[in-house]
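Novice:
Protein chains in written order, with our numbering: chain B, 1 to 272; chain W, 1 to 256; chain C, 1 to 262.
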């Protein structure tokens, strides 16, 4: 038998599931684009003209300010940023202290079954979902403005994240050392102190540091609702469009955060 | 007089698995017993009934005429502190120092507040250092456990058990995670210390040659039942084939 | 047994390091308490006030019709910003990864740009663009575009740097240029992960777009601020409950979609 010459239409068609996936993908992209266009149309964004006007009026002064920031506000910027820094420290510490006990009630392996951990896990999700800034506003309204309101808002909100990652760490521990302590005649508390805590502590510390990096960013804006830190002087100057002073504050904020991030991530790498 | 006595011990796990089907044994003081059998034969369950890490569903285990099976709470913890245990995977807290791991062996005899604060008396700390010296790694006291080799980690495990000043030592596959030369070194340490201190020892092994080399007495288990109980001389290859229920293979030997 | 006094002591270096760490932390906390005026009395009275305040937050559901339009706008802001931000982030992703960047100088510039972008929080972007562009959804979208770029480009370039270099080498050996190497060797390796990151960023953006309204950048936050200023706490409570539900819903969807992807 002689092989028929191959003609281009002879190329095998891709199997059904490949074709189906391709169709699904195209449909997905079309849907995304359609939603995008729909959102743009219905959002009643202002005209392009206003965008251009705003940029013309304020963008170049901001850029000029960034090149030549008002050095007179450096002292103020530095003071409020260090207040912000210390707020983040206390807020993170508060969150870690509160998250520590809660996390053990959200860890299935210590409670003898995942279902006993569900209430704890649900509580943590609820806390995580509650926006920090709304908490800050409530604390300011309830207890008056100032750093304390910000620290408490950060402290409460951090429980959600820290409690979650803490309980994940606890669920991943090696059970062997716990058995060893029990075999040596230790009680529950001994097992906890000599086998659970030393296993989880370095990872806890690393997560706390990471949360501190997040909280430092959060703390810079809490002042915008009166909860202490550099946010207040910043929003005041933004409202009056004092771009040269805004720039000085921005530079201090960005510089401070970059340095703290670098130090913190170094320490984290050495911890685990 | 028997030091450890198993009285018709039966263990049924919650899954319905019958791990021990009525084991009765008497082990005199100071004997070095090796329990052999395939994995799943009930070796691990057997030694865990001695310190009640696994509680028999029927029958009882007595150590020094104390019924461990019936003990609860403080009484059980006192009984356990007289029974050292070492594990296949060492079960050390890897991020703690070697010394702290060894000191954990002293917890059972410590007043509660000292245990909580980690305030070990000087004698205990000194004794922990002694235990490390006896297993040949006195210089590792302040090193983190995860910085040690497998053989060294198992020596820390032995030191921790020794720190309890036990009269009974349990070892669950102590050399299964180690290479052949290290296995022999660890087993001879274990045997030497048991001899010197007169510790009654039960070791689970699945290597035939090691069982013959170190045991005073070999107990063979199969499907939760004791199928052989005799001296190493009596444990011929035919006996092992009977215990394992199959012809012997090269993996049944650790080698030198 | 050795003499009690001859017990071996831990190495000096370790002890000094531990002492220094403790001293450093003690100093930090003393300073922190002093600088912020935070004390435990304030903590307890603040907590009491908080719960008293919380007790007044009884949702008034008649506010719902007023809530829907800005809520939808909030989600729109997050959606549009996620898409635009993700598209803009893609070139930065490849320029900021050592294995796909053009040259060391570009790599350095892209990475520095990323570091700066990432150090600015969402609300700060929003406040900045409200000042530049005026109130409304527009500054919100622009702010979240920048925020998205910072988060996504960082995650993305870490993924790109972690890919298997084999296919890259194979394509280079076959004579492909940089762009083709990226399209045929890098993109297939990172596409699923990137889509999952984009979903994750969308999740973050929904939360962010709720709060940026508090500085005037559109959406539900702006309504929340108005209620707060008029002490309309029942309306505030209704918004909080709705936000809660929407965030949970979108989180749930995103977690589900991401689990399907990988």
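By construction, the Cβ of each residue, glycine as well, lies at the ideal position given by its N, Cα and C atoms.
(1) Taking 7 Å as the limit between beta carbons, can you name the residues of its chain near residue 111 (chain C), skipping five residues before and five after?
(2) For residue 70 (chain W), does the count of other Cβ atoms within 10 angstroms reach 16, so buried, or fall short, so exposed?
(3) Any Cβ of chain D within less than 9 Å of the Cβ of residue 164 (chain W)?
(4) If you measure from the beta carbon of residue 115 (chain B) to each beta carbon in chain W, is any gap under 9 Å?
(5) Distance, Cα to Cα, residue 2 (chain C) vs residue 12 (chain W)?
(6) Give the single residue among W:35, W:204, W:129, W:182 whose Cα lies nearest to the Cα of residue 103 (chain W).
(7) Compare the Cα-Cα distances from residue 62 (chain C) to each of C:186, C:251, C:233 and report the closest residue.
(8) Roughly how many angstroms separate the alpha carbons of residue 154 (chain W) and residue 174 (chain W), rounded to a whole number?
(9) Please classify residue 163 (chain B) as buried or exposed, where buried requires at least 16 other C-beta atoms within 10 Å of its C-beta.
(10) May I ask you to verify whether the segment 98-109 of chain C touches the segment 155-167 of chain C, counting CB pairs closer than 8 Å and requiring at least 3?
(11) When DSSP labels each residue in this structure, what does residue 97 (chain W) get in the three-state scheme?
(12) Please state whether DSSP places residue 1 (chain C) in a helix, a strand or coil.
(13) Which chain C residues sit within Cβ distance under 8 Å of residue 171 (chain W)?
(14) Using a Cβ-Cβ cutoff of less than 7 Å, which residues in the same chain neighbour residue 247 (chain C) once the five nearest sequence positions on both sides are dropped?
(15) Between residue 73 (chain C) and the rest of its own chain, which residues show a CB-CB distance below 8 Å, the 5 nearest in sequence each way excluded?
(16) Does residue 97 (chain W) have its Cβ less than 9 Å from a Cβ in chain C?
(17) Please classify residue 77 (chain C) as buried or exposed, where buried requires at least 16 neighbouring CB atoms within 10 angstroms.
(18) How far does the beta strand (DSSP E) with residue 26 (chain W) in it extend, from its first residue to its last?
(19) Identify whether residue 85 (chain W) lies in helix, strand or coil by the three-state DSSP scheme.
(20) Could you tell me the distance, in whole angstroms, from the CA atom of residue 180 (chain C) to the CA atom of residue 114 (chain C)?
(21) From the beta carbon of residue 242 (chain B), is the nearest beta carbon of chain W less than 9 Å away?
(22) For residue 227 (chain W), does the three-state DSSP call read helix, strand or coil?
(23) Count the other C-beta atoms from every protein chain shown that fall within 10 angstroms of the C-beta of residue 215 (chain B), then say buried if there are 16 or more, exposed otherwise.
(24) Starting from residue 109 (chain C), follow its DSSP beta bridges and name the residues at the other end.
(25) Decide yes or no for the touch test of the segment 208-228 of chain W against the segment 16-24 of chain W: beta carbon pairs closer than 8 Å, at least 3 of them.
(26) Give the single residue among W:113, W:5, W:44, W:80 whose Cα lies nearest to the Cα of residue 189 (chain B).
(27) Considering Cα atoms alone, identify which of C:139, C:119, C:156, C:141 is closest to residue 89 (chain C).
(28) Give a yes or no on whether the minimum CB-CB distance between residue 168 (chain B) and chain W is below 9 Å.
(29) Under 9 Å between C-beta atoms, does residue 91 (chain W) make it to chain B?
(30) In whole angstroms, what is the alpha-carbon distance linking residue 188 (chain C) and residue 150 (chain W)?
(31) By a C-beta neighbour count over all protein chains shown, 10 Å radius and 16 as the cutoff for buried, is residue 125 (chain C) buried or exposed?
(32) On a CA-only basis, which of B:240, B:43, B:261, B:199 is nearest residue 127 (chain C)? Give me that one, please.
(33) Are residue 227 (chain B) and residue 137 (chain B) touching if we call contact CB-CB under 9 Å?
(34) For the segment 29-44 of chain C, list every residue whose C-beta sits within 9 Å of some C-beta in chain B, in sequence order.
(35) State the DSSP-derived secondary structure class of residue 206 (chain W), mapped to helix, strand or coil.
(36) Sort out for me which residues DSSP pairs residue 217 (chain W) with in a bridge.
Specialist: By the coordinates alone:
(1) Along the third chain, read from residue 1 onward, the residue named residue 111 (chain C) stands at position 111. Excluding residues within five positions, the ones whose Cβ falls inside 7 Å are 96.
(2) Reading the second chain from its first residue, position 70 is the one you call residue 70 (chain W). Burial call: exposed.
(3) Absent from the structure: chain D. Protein chains present are B, W and C.
(4) In the first chain, the residue the question calls residue 115 (chain B) occupies position 115. Taking Cβ atoms only, chain W never reaches closer than 9 Å to residue 115 (chain B), which makes this a no.
(5) Walking along the third chain from the start, residue 2 (chain C) turns up at place 2. Walking along the second chain from the start, residue 12 (chain W) turns up at place 12. Because the pLDDT at residue 2 (chain C) is just 47, under 50, the model does not fix this residue reliably, and the value given afterwards should be weighed accordingly. About 48 Å.
(6) Indexing the second chain from 1 puts residue 103 (chain W) at position 103. Checked all of W:35, W:204, W:129, W:182; the closest Cα to residue 103 (chain W) is W:129.
(7) What you label residue 62 (chain C) is simply residue 62 of the third chain in a count that begins at 1. Nearest C-alpha to residue 62 (chain C): C:233.
(8) On the second chain, residue 154 (chain W) is found 154 positions in, with the first residue counted as 1. On the second chain, residue 174 (chain W) is found 174 positions in, with the first residue counted as 1. If I take the Cα positions, the gap works out to 7 Å.
(9) The count along the first chain starts at 1 and reaches residue 163 (chain B) at position 163. It counts as buried.
(10) yes
(11) By 1-based counting over the second chain, the position of residue 97 (chain W) is 97. In this structure, residue 97 (chain W) counts as strand in the three-state DSSP scheme.
(12) Here residue 1 (chain C) refers to the residue found at position 1 when the third chain is read from its first residue. Per-residue confidence for residue 1 (chain C) stands at a pLDDT of 46, beneath the threshold of 50, marking its modelled position as unreliable; no derived number is given.
(13) Your numbering for residue 171 (chain W) matches position 171 in the second chain. Result: empty, since nearest Cβ-Cβ is about 26 Å, beyond 8 Å.
(14) Locating residue 247 (chain C) in the third chain gives position 247, counting from the first residue. Result list for residue 247 (chain C): 206, 207, in chain order.
(15) As a position in the third chain, residue 73 (chain C) is number 73, starting the count at 1. Correct list, in chain order: 137, 218, 219, 220.
(16) Here residue 97 (chain W) refers to the residue found at position 97 of the second chain. With 9 Å as the cut-off, residue 97 (chain W) counts as an interface residue toward chain C.
(17) Residue mapping note: residue 77 (chain C) aligns to position 77 of the third chain, counting from 1. Residue 77 (chain C) is buried by the Cβ-count criterion.
(18) Within the second chain, residue 26 (chain W) is the residue found at index 26, counting from 1. Residue 26 (chain W) -> beta strand (DSSP E) spans 18-28.
(19) Position 85 of the second chain holds residue 85 (chain W). Strand at residue 85 (chain W).
(20) By 1-based counting over the third chain, the position of residue 180 (chain C) is 180. By 1-based counting over the third chain, the position of residue 114 (chain C) is 114. The straight-line gap from Cα to Cα measures roughly 24 Å.
(21) Position 242 of the first chain, counted from the start, is the residue given in the question as residue 242 (chain B). No, its Cβ sits nowhere closer than 9 Å to a Cβ of chain W.
(22) Taking the second chain and counting its residues from 1, the one referred to as residue 227 (chain W) is at position 227. Residue 227 (chain W): strand per DSSP, three-state reduction.
(23) Walking along the first chain from the start, residue 215 (chain B) turns up at place 215. So residue 215 (chain B) ends up on the buried side.
(24) Start at 1 with the first residue of the third chain, and residue 109 (chain C) comes out as number 109. Answer is none; residue 109 (chain C) lacks a bridge partner.
(25) yes
(26) To locate residue 189 (chain B), count along the first chain from 1; it is residue 189. Among W:113, W:5, W:44, W:80, the Cα nearest to that of residue 189 (chain B) is on W:113.
(27) Within the third chain, residue 89 (chain C) is the residue found at index 89, counting from 1. With distances taken between Cα atoms, residue 89 (chain C) lies closest to C:156.
(28) For the purposes of this step, residue 168 (chain B) is taken as residue 168 along the first chain, with counting starting at 1. So, not an interface residue.
(29) Indexing the second chain from 1 puts residue 91 (chain W) at position 91. For residue 91 (chain W), the answer is yes, since a Cβ of chain B falls inside 9 Å of its Cβ.
(30) By one-based count along the third chain, residue 188 (chain C) stands at place 188. By one-based count along the second chain, residue 150 (chain W) stands at place 150. Taking the straight line joining both Cα atoms gives about 41 Å.
(31) For this step, residue 125 (chain C) is matched to residue 125 along the third chain. Classification for residue 125 (chain C): buried.
(32) Within the third chain, residue 127 (chain C) is the residue found at index 127, counting from 1. Per the Cα distances, B:240.
(33) In the first chain, the residue the question calls residue 227 (chain B) occupies position 227. In the first chain, the residue the question calls residue 137 (chain B) occupies position 137. Cβ distance < 9 Å, so residue 227 (chain B) and residue 137 (chain B) count as in contact.
(34) 29, 31, 32, 33, 34, 35, 36, 37, 38, 39, 42, 43
(35) Position 206 of the second chain, counted from the first residue, corresponds to residue 206 (chain W). Of the three classes helix, strand and coil, the one that applies to residue 206 (chain W) here is coil, per DSSP.
(36) Residue 217 (chain W) sits at position 217 when you count from the first residue of the second chain. The partner list for residue 217 (chain W) (beta bridge, DSSP) reads W:33.
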